[in-house]
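Data block below; observations after.
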Amino acid sequence: MYILCNEEPLWMTKCLSIGGPLEYKGSWKKTTLCRLGLCSENMEILQKPRQFDGFNSLHLYRRWYRCFTTLSSFSFDDGHVERKDDLLLDQFRSQYDGKGPVLLTKLAETWPARTKWTLQQLTKDFGEVPFRISQRSPQKITMKLKDYVSYMELQHDEDPLYIFDDKFGESAPTLLEDYSVPHLFQEDFFDILDYDQRPAFRWLIIGPERSGASWHVDPGLTSAWNTLLCGRKRWALYPPGRVPGGVTVHVNDEDGDVDIETPTSLQWWLDIYPHLPEQEKPLECTQLPGETIFVPSGWWHCVLNLETTIAVTQNFVNQSNFQHVCLDMAPGHRHKGVCRAGLLAVPGKFIKDNENHPSVTMSGWNHPDMSRKEKRLKSSEPLRTSNSINHCSAFEFSGVQESLENQDFSYDIDFLSQFLEKERDHYSSLWSPTNSLGQREAREWLRRLWVLKPELRELIWKGACLAINVDKWYSCLEEICACHSLPPPTEDEKLPVGTGSNPVFIVSGNVIKIYAEGGLVYAVHGLGTELEFYDLLQKSGSPLINHIPEIIASGFLEYKDDIYRTVPWNGKGIPEILVKHYPLEVSYANSCFPLGLWSKQRFGMSSSTDVSDRPIWPYMVTRKCKGDIFARIRDMLSKTDVLHLASSLGVQMQNIHLLSLPPVEQLSESGNNDVKEVVGTCDDATVLPEWQQLVSTLNRRKQNVKKHLANWGNSVPQVLVEKAEEYLPPNMGFLFKFVKDNGDLVYPCPSWIHSDIMDDNILIEGITKLNSSGERERVYEADQEKMNAIHIIDFSDLSIGDPICDIIPLHLDIFRGDTDLLKEFLRSYKLPLLRGGSITDVYNSVRNSKFSRASYRAMCYCILHEDNVLGAIFGLWKELRAATSWEDVENLVWGELNRYQESCTL
35 MYILCNEEPL WMTKCLSIGG PLEYKGSWKK TTLCRLGLCS ENMEILQKPR QFDGFNSLHL
95 YRRWYRCFTT LSSFSFDDGH VERKDDLLLD QFRSQYDGKG PVLLTKLAET WPARTKWTLQ
155 QLTKDFGEVP FRISQRSPQK ITMKLKDYVS YMELQHDEDP LYIFDDKFGE SAPTLLEDYS
215 VPHLFQEDFF DILDYDQRPA FRWLIIGPER SGASWHVDPG LTSAWNTLLC GRKRWALYPP
275 GRVPGGVTVH VNDEDGDVDI ETPTSLQWWL DIYPHLPEQE KPLECTQLPG ETIFVPSGWW
335 HCVLNLETTI AVTQNFVNQS NFQHVCLDMA PGHRHKGVCR AGLLAVPGKF IKDNENHPSV
395 TMSGWNHPDM SRKEKRLKSS EPLRTSNSIN HCSAFEFSGV QESLENQDFS YDIDFLSQFL
455 EKERDHYSSL WSPTNSLGQR EAREWLRRLW VLKPELRELI WKGACLAINV DKWYSCLEEI
515 CACHSLPPPT EDEKLPVGTG SNPVFIVSGN VIKIYAEGGL VYAVHGLGTE LEFYDLLQKS
575 GSPLINHIPE IIASGFLEYK DDIYRTVPWN GKGIPEILVK HYPLEVSYAN SCFPLGLWSK
635 QRFGMSSSTD VSDRPIWPYM VTRKCKGDIF ARIRDMLSKT DVLHLASSLG VQMQNIHLLS
695 LPPVEQLSES GNNDVKEVVG TCDDATVLPE WQQLVSTLNR RKQNVKKHLA NWGNSVPQVL
755 VEKAEEYLPP NMGFLFKFVK DNGDLVYPCP SWIHSDIMDD NILIEGITKL NSSGERERVY
815 EADQEKMNAI HIIDFSDLSI GDPICDIIPL HLDIFRGDTD LLKEFLRSYK LPLLRGGSIT
875 DVYNSVRNSK FSRASYRAMC YCILHEDNVL GAIFGLWKEL RAATSWEDVE NLVWGELNRY
935 QESCTL
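Have a look at this one:
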C-alpha cells in the first residue's frame, strides 16, 4: 500500500487537480505537498527513500519502463506519407486537400522561427511568461517557460506535461512575427469572425521526449497544418471512420457530445502498435525540423515526441472541409459518430445504396472494415500485450447489426449527411457543448460568410442547410411573403439574421420571425403572449409602443402534402388548424387571448411533454425598426454615448415593468392567506399564483445545484460550487413572501419581464460606415435626443417575474459590469425593485431580511439561471476567481442594487 500510495502518477493527478500556476519541485509528491502548504513539515520524510524486498508488480514495471525508455527505435521512416518540397495551390487542392496527409519540407524556410525558436533562445526571451499546459485535468494549468524547461530536465513521467497554448499570441505576441501561415493554408472561413469570437485555432507546442498527443480527430472536423521547428515527431494516421486499436468513441445521444477514450501516445506506441498486423498498422512518418505536415479533415492521428520538440500548428476551415464542419455543428449524435467511427456507429439498417460513395483508400495501402465480431466488442475489456492481443476499437452505441457487413464507409458529404437526425430541428435543438462554435456564433458566422463571400454562396448555402436547415426555413419565408403580398426575398436576404433561437429574416424592410424554439406549445405561447402584450400596450397608450416594432401580420405555417400554407391569427381565439395539433387542454379558451400570458404560465408549470417536430410553426411579420443593433456598433461608442443609452433603457424598462398584467379569472389563491409562519414552511403553493411558475422552476434547479453548476465547466470556482446550496434560501419562495412585524404576510407583485435584454436586442441610430479605404469612421456625434431613439426587439420570451431578472442581462451583457452605467440606468428607471399594494408595507417587512436584499436576490437568480450567467460574471470580474464566498461575489457585482433599493424607501 505504501508503494502504491507513493506512485508519482497518483501525486501528479492530485497536483494538477488544484489548477493555476505550477512550479515543479523534482517530484510530484513534493510539488503537491508544497502547493498545499505542507512541504516543510514533510521534507525530512521526502528525503528518506524506503526499500521493500520481495515486492514485484508487472504493472509498475511497465510503468517504470515507459518512464525511462528511449525512443531511438522509432527513428525510421518508411515513406508512408509522401514528402514534397512544396506544391502549387491547385496541386494541393486536387491531390491532397480532403484526400490525404502530406509532408512539405520547404514551406518554413524563410521563417525567423527556424533559427529563433530554440529552447535556449525562447527561455531567454520569454522565460518569465506563463504558458498553458496540456494534460488530462479539468483545471487550467500554467507554467512559466523557465519553470517548464526545468521540469523537462528533471522529469521522468510516463505521460509528460507539454506546452499546448492557444493564447500564446496574447502572452507573447512577438512570436506571431516569427512565422506566417503557409500559402497553401491561407483560406480560413473562421477568419471572418473577430478574434475573440472564433474557436481556438493556433497553438504553440513544446514537449520533451515521450510526450505527445494521443489519438484524436481535430475539433469540429477542421483540417490542420503543423510545422516542426526543433526536434523530431513520430506521426501515426488513419483515414476518417477507421478508429485506431485501443480507442473507444463515446457520443452522447442527447446532445452529441463526443468523448474519446485512448491510451497515452507513448503507451499506444509501446503496448499496442508492436502487436498490430501489418494490414492494421497506420500511415506513419517521422517529421523533421523545418517540415510541415498537413492533416485533412476527419483523419485520426497520434503524435509522439522522439526528443524535445518545438512546433506551431493551426486549424482551419476552407472550401474542402466547410460542409463537414457545418455537418459536425448540426445537433444529434448519429452523424457525429459516423464521421469518427464509421459504420461502427450505425445501430441498424440505415445505410442507403453506397455505389456512388466509394470507401477511402490510399494507393498501395488499404484498411478493410473491421469484422462484425470486432464491432461488437467493448472497450471495457482490458488491453492485453500478449501475442494474442485483441486489436479492437469500440464505439459506444446500441448494438451494431450484421446487416452492415457489405456496406462501405465514405467520408463523402452526401454519404455522411444521410445520418443526420431528420426529426431534430437544427435551428433550435440542443447543440453539443464540444462544438467548435455555439449556436448563436454559428448563425452569425454563416450570415457573415453569406454577405462577405458572395462568390461562394452555393457552397455556403449547402453548409447552412446542414447546420441550421436553412432550406426548410427559406421555404417557409417564401410562403409567408406570398401570403401577405410582400416582395419575394432577394439573394442577399435568403439567410436568417441575428443570433436568436428563432429564424428571423429581413425582406424589403420587413422582419419575418418564425417561432421554432421549444416545440409547438412553447412557440404558440410565445406568439400568443407577444400579441397580448402588444394589445395591452395599444389599449394603455404606453409610450413604449414607439420603441418596439410595429406588427404587420401573424399566423401559422402548416406543412402538409409537401407544401406550406399559411393561416392568419391575431392571438384571439383558437384557429381550427391549431386544434388539430395542440396537445394540451386550453384552460383559458374563453379569454380574449386564450394562449396568452396566463396560459403560458400554466404551461410552464405543467408536466406535460411537447412534440417538437409537428408540421406547424407560428410566425410574425413586423416593420423593421430604424437603427443598428447595439452589439455591432458598441465599440464605436464613447462612454458618454453609452451613458445616454443606459438612461434611455431605464425609461423604456420602466414602461415595460409598469404595464399592467392582463386580467384573469381562474388563478387560484388557495394557500395564500392562511400561512403565518414563513421559515421552513414555504412551498410553491404558499406564494401568489403569479409567482408559482418561477418558484417551481428555481426550486427544481436548486434540488441539484451542484449538478446545475457543473454544466458550466470551469466557469465557477469549485469552492463556490460547494457553498452554493448553503447560500441559497431553503425554498426559493422565500424571495417572494415576507412577514410584517405583526405577523401578516406581504407579497410583492410581479411585473412583465422581457427576459432577453441583450446587446443584440437593442437598436440605436447607426453611427459608423465604411469609407473608401475600408476603415471605420465616426459620421455624427451622438446626442441625448438621438440616444433616446432606441428600439427594443424580440419579445418572444416574455414572462412575468422579478424586475431584477431583466437587470441581470442589462448589467452583464449591455453594460459589461460598468457600475456607472448601472447607476445611470437606475437613475432614469425610478421604480422600486419590490412593489406591492403598499410599498411602505413591502419595505417595512423586508428591511432586515436577507431574502429581500436586492443583491441577494440577483445573486440567487444568477446561480440558478438557465444560461451561463456566472461565466459572464467571472469573466468580467476576474479577481472573483479567488473569491471564497458567494457574499463576496454578491457585494461586488450587485451591491449597487442595495443602495438603489434603500433610496426608494426614503
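Numbering (the numbering used here), first residue to last: 35 to 940. For glycine and all other residues, C-beta sits at the position ideal for the given N, C-alpha and C. No experiment lies behind these values; they were computed from the predicted model shown.
Next on the checklist: Assuming the contact rule is C-beta atoms closer than 8 angstroms, Pro-216 and Leu-141 should be a hit. Round their C-beta distance to whole Å, please.
Outcome noted: A Cβ-Cβ distance of about 4 angstroms is found for the pair Pro-216 and Leu-141, placing them in contact under the 8 angstroms criterion.
Checklist entry - Of all the alpha helix (DSSP H) runs that stay within the bounds of the segment 725-796, which reach a length of 4 or more residues? => result If we require 4 residues or more, the alpha helix (DSSP H) runs fully inside the segment 725-796 come out as 726-736, 739-744, 752-761.
Checklist entry - How would you call Phe-102, buried or exposed, if buried means at least 16 neighbouring beta carbons within 10 angstroms? => result Result: exposed.
Next on the checklist: Distance check for Cys-938 and Tyr-863, CA to CA, integer angstroms please.
Outcome noted: Tyr-863 and Cys-938 have their C-alpha atoms spaced approximately 11 angstroms apart.
Item to check | Nearest-angstrom beta carbon gap, Trp-786 and His-691 [assumed within contact, 8 angstroms] | outcome: Right, their Cβ atoms sit about 6 angstroms apart.
Checklist entry - According to DSSP, is Asp-662 helix, strand or coil? => result Strand at Asp-662.
Item to check | Cβ neighbour criterion (16 or more within 10 Å) applied to Pro-316 | outcome: The residue is buried, with at least 16 neighbouring Cβ atoms inside 10 Å.
Checklist entry - Which term fits Cys-39, buried or exposed, when burial requires 16 or more other beta carbons within 10 angstroms of its beta carbon? => result The C-beta of Cys-39 has fewer than 16 other C-beta atoms within 10 Å across all chains shown, which makes the residue exposed.
Item to check | As assigned by DSSP and simplified to three states, the class of Glu-318 | outcome: In this structure, Glu-318 counts as strand in the three-state DSSP scheme.
Next on the checklist: Can you tell me whether Phe-849 is helix, strand or coil according to DSSP?
Outcome noted: In this structure, DSSP gives Phe-849 a state outside helix and strand, which the three-state scheme calls coil.
Item to check | When Gly-241, Ser-451, Ile-582 are compared against Ser-830, the one with the closest alpha-carbon | outcome: Restricting attention to Gly-241, Ser-451, Ile-582, the CA atom closest to the CA of Ser-830 is found in Ile-582.
Item to check | Element boundaries [beta strand (DSSP E), containing His-284] | outcome: Its beta strand (DSSP E) spans residues 282-285.
Item to check | Through-space distance from Ser-749 to Ser-331, alpha-carbon basis | outcome: Across the structure, Ser-331 and Ser-749 are spaced so that their CA atoms are roughly 30 angstroms apart.
Item to check | Member of Asp-228, Trp-334, Pro-242, Thr-261 whose CA lies at the smallest distance from the CA of Gly-280 | outcome: Nearest in C-alpha terms to Gly-280, of all of Asp-228, Trp-334, Pro-242, Thr-261, is Trp-334.
Checklist entry - Based on Cα-Cα distance, which residue from Met-792, Leu-322, Ser-883 lies nearest to Pro-843? => result The shortest CA-to-CA distance from Pro-843 to any of Met-792, Leu-322, Ser-883 is the one to Met-792.
Checklist entry - Mind checking whether Tyr-445 and Gly-254 have CB atoms under 9 angstroms apart? => result Their beta carbons are not under 9 angstroms apart, which means Tyr-445 does not touch Gly-254 by this criterion.
Next on the checklist: Comparing C-alpha positions only, which one of Met-46, Arg-100, Lys-660 sits nearest to Asn-580?
Outcome noted: The shortest CA-to-CA distance from Asn-580 to any of Met-46, Arg-100, Lys-660 is the one to Lys-660.
Next on the checklist: According to DSSP, simplified to helix, strand and coil, what is Asp-668?
Outcome noted: The question names Asp, yet the displayed sequence has Arg at residue 668. Judged by DSSP in its simplified three-state form, Arg-668 adopts helix.
Next on the checklist: Please report the distance separating the alpha-carbon of Ala-501 from that of Glu-221.
Outcome noted: Each residue's alpha carbon lies about 21 angstroms from the other.
Next on the checklist: To the nearest angstrom, how far is the alpha carbon of Arg-481 from that of Leu-529?
Outcome noted: When rounded, the distance between both Cα atoms is 6 angstroms.
Checklist entry - With burial defined as no fewer than 16 other Cβ atoms inside 10 Å of the residue's Cβ, what is the status of Cys-626: buried or exposed? => result Residue burial annotation: Cys-626 is exposed, with fewer than 16 other C-beta atoms found within 10 angstroms of its C-beta.
Next on the checklist: I'd like to know whether the C-beta atoms of Ile-798 and Asp-662 end up nearer to each other than 9 angstroms.
Outcome noted: Yes; because the gap between Cβ atoms is below 9 angstroms, this pair is in contact.
Checklist entry - Would you say Val-1026 and Arg-668 are within 9 angstroms of each other, going by their C-beta atoms? => result This structure cannot settle anything about residue 1026, because the visible part of the chain is limited to 35 through 940.
Checklist entry - From what residue to what residue does the beta strand (DSSP E) around Ser-470 run? => result Ser-470: not part of any beta strand (DSSP E); DSSP gives it neither H nor E.
Checklist entry - Among the residues of its own chain, which have a CB less than 6 angstroms from the CB of Glu-42, if the five just before and after it don't count? => result Taken in chain order, the residues that qualify are Trp-62.
Next on the checklist: Does Val-329 come out as helix, strand or coil in the three-state DSSP assignment?
Outcome noted: Residue state, collapsed to three classes: strand.
Next on the checklist: My assumption, with CB atoms under 8 angstroms, is that Thr-343 sits in contact with Lys-267. Please give the rounded CB distance.
Outcome noted: Yes, they are in contact, since the Cβ atoms of Thr-343 and Lys-267 sit about 6 angstroms apart, within 8 angstroms.
Next on the checklist: I'd like to confirm the pairing. Which residues does DSSP put opposite Thr-343 in its beta bridges?
Outcome noted: According to DSSP, Thr-343 bridges with Gly-241.
Checklist entry - In chain order, what residues of the same chain lie with their CB nearer than 6 angstroms to the CB of Val-558, ignoring the 5 residues before and after it? => result Residues Leu-629, Pro-652 of the same chain have their beta carbon placed closer than 6 angstroms to that of Val-558, with the five preceding and five following residues left out of the count.
Checklist entry - Alpha carbon to alpha carbon, what distance is there between Gly-747 and Leu-898? => result Approximately 15 angstroms between the Cα atoms of the pair.
Item to check | His-358 beta carbon less than 9 angstroms from that of Leu-454 | outcome: No; because the gap between Cβ atoms is not below 9 angstroms, this pair is not in contact.
Item to check | Whole-angstrom distance between Gly-134 and Val-394, CA atom to CA atom | outcome: No answer about Val-394 holds up, because its pLDDT of 38 lies below 50 and its placement is not dependable.
Item to check | Terminal residues of the beta strand (DSSP E) in which Thr-600 lies | outcome: Note, Thr-600: beta strand (DSSP E), 597-602.
Item to check | Pro-697 to Glu-566 span [Cα, whole Å] | outcome: Here the alpha carbons of Glu-566 and Pro-697 stand approximately 11 angstroms from one another.
Checklist entry - At which residues does the alpha helix (DSSP H) containing Ile-52 begin and terminate? => result DSSP places Ile-52 outside any alpha helix (DSSP H), giving it a letter other than H or E.
Checklist entry - Is the Cβ-Cβ distance between Leu-471 and Trp-479 less than 9 angstroms? => result Taking 9 angstroms as the Cβ cut-off, Leu-471 and Trp-479 qualify as a contacting pair.
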